[in-house]
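A.B. asks: In terms of my numbering, the sequence shown is residues 53 to 208. Dumping the structure here so I can ask a few things about it.
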Amino acid sequence: MVVIRLARGGRVKQAIYRIVAADKRRASTSKFLDILGTYNPHTKEIKLNKELVEKYLSNGAQPSDRVLRLLQTEGVTTPEWAKTHDRFKKSKKESEEVAEGEVAAETAAAEGETAEAKQESVDAPESAETEAKVAEDQKEATEKVAEAAEKAEDKA
């Protein structure tokens with residue numbers, strides 16, 4: 053399978069990439085079929101042989117994610133099956149939900165801290181009751197474990 057990808061070149065900290073068509077099984081910088089163009093990330097300069105790129109794409113070559121984005125910025129027609137993965141973009145629904153949550157949090161804070169103080173005073177007796185129940189349950193569990201250990205010792 054043929055893939056269109058970037059092959060790194062250039063000096064240390066001065067990368068320049070060749071856009072190449074290569075066999076997918078080969079290493080990215082090893083033997084390739086054709087050089088389709090170059091990309092300099094420092095100056096954002098892209099040089100493409102659009103005819104060759106379109107030829108390889110029409111014959112079924114699969115562009116990598118980064119190359120696909122570069123091709124789209126250059127205006128090369130890409131196949132319908134080639135999609136970019138927007139991992140960091142939120143959908144419209146998610147962004148609306150986040151905005152609604154922020155508005156709700158702001159209104160809750162604006163209503164006043166007195167409501168929070170009232171809730172804390174009401175919650176205090178409930179928390180004491182639950183702590184007492186938990187302590188009783190722990191005592192019962194330790195007693196059961198002790199009884200089971202005594203029975204095991206008697207049998208042995």
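Yeah, the Cβ is synthetic: ideal placement off N, Cα and C, and Gly gets one too. None of the values given here were measured: they were computed from a predicted structure.
Give the straight-line distance between the Cα atoms of residue 195 and residue 202, rounded to the nearest whole angstrom.
C.D. replies: Approximately 11 Å, taken between the alpha carbons.
A.B. asks: If distances are taken between C-alpha atoms only, which option among 94, 136, 83 and 75 comes closest to residue 113?
C.D. replies: 75
A.B. asks: Rounded to whole angstroms, what's the CA-CA distance from residue 129 to residue 63? Just pull it up for me.
C.D. replies: 32 Å
A.B. asks: Tell me which residues share the same chain as residue 66 and place their Cβ nearer than 8 Å to its Cβ, disregarding the 5 neighbours each side in the sequence.
C.D. replies: 94
A.B. asks: Could you pull out every unbroken beta strand (DSSP E) segment of at least 3 residues lying fully inside the stretch 73-103, listed in chain order?
C.D. replies: Here the runs fully enclosed are 86-92 and 97-100.
A.B. asks: Taking the beta strand (DSSP E) that residue 54 falls in, what are its first and last residues?
C.D. replies: 54-63
A.B. asks: State the DSSP-derived secondary structure class of residue 67, mapped to helix, strand or coil.
C.D. replies: strand
A.B. asks: Can you give me the C-alpha to C-alpha distance between residue 56 and residue 100, rounded to a whole angstrom?
C.D. replies: 12 Å
A.B. asks: Contact check, residue 98 vs residue 122 under 8 Å by CB: the rounded distance?
C.D. replies: Contact holds; Cβ gap of about 6 Å.
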